[in-house]
Amino acid sequence: MPIRPSERAKYPKDWREIARQVCAAQGFKCAGSPKYPSCRAVHGMLHPATGSRVVLTVAHLDHDPRNSEWANLRAWCQRCHLTYDAKQHATNAARTRRAAKRNGELFVNDAQ
Numbered sequence: 076m077p078i079r080p081s082e083r084a085k086y087p088k089d090w091r092e093i094a095r096q097v098c099a100a101q102g103f104k105c106a107g108s109p110k111y112p113s114c115r116a117v118h119g120m121l122h123p124a125t126g127s128r129v130v131l132t133v134a135h136l137d138h139d140p141r142n143s144e145w146a147n148l149r150a151w152c153q154r155c156h157l158t159y160d161a162k163q164h165a166t167n168a169a170r171t172r173r174a175a176k177r178n179g180e181l182f183v184n185d186a187q
């Protein structure tokens, strides 16, 4: 997944090289995720299930970008990575909506 600028400091300085090594070790193919264990979509090619161009990204199984131990990393296609991270994305979205609602309420109170 793309690294948000606010998260960049959590990744090691050589993250691009680490990610490249993980992808290379997996033959630039998706390693398959818990939901799609047989996925082997090839980087740069059309995904056999989704039809989108495959861009391998490296996932942290524990969702902690500071933990770049080899056993914690997997090269996954978009479908596998997004599916694996779906619960975390939903939690983050809910947190963002709550914060926006609180901010909106602050502006309403300030106007009174």
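Following this note's numbering, the numbering of the sequence shown begins with 76 at its first residue and continues without gaps.
Glycine is no exception: its CB is placed at the ideal position from the N, C-alpha and C atoms.
Since we're looking at a predicted model, the values are computed, not measured.
- The beta-carbon separation of Pro109 and Ser143, rounded to 21 Å, does not stay under the 8 Å limit for a contact.
- Contact check for Thr125 against Arg154 passes: the beta carbons are separated by less than 7 Å.
- The three-state secondary structure of Thr125, taken from DSSP, is coil.
- For Val97, the enclosing alpha helix (DSSP H) has its first and last residue at Trp90 to Ala100.
- Counting only runs of at least 4 residues, the stretch 98 to 169 fully encloses the following alpha helix (DSSP H) elements, listed from N- to C-terminal order: 153 to 159.
- Residue state for Arg83 is assigned as helix, using DSSP reduced to three classes.
- In terms of Cα proximity to Ala134, the closest of Ala174, Arg115 and Leu157 is Leu157.
- Distance check between Ala106 and each of Lys85, Leu148 and Gly119 places Leu148 closest, using alpha-carbon atoms only.
- Residue burial is scored here from C-beta neighbours: Gln101 has at least 16 other C-beta atoms within 10 angstroms and is therefore classed as buried.
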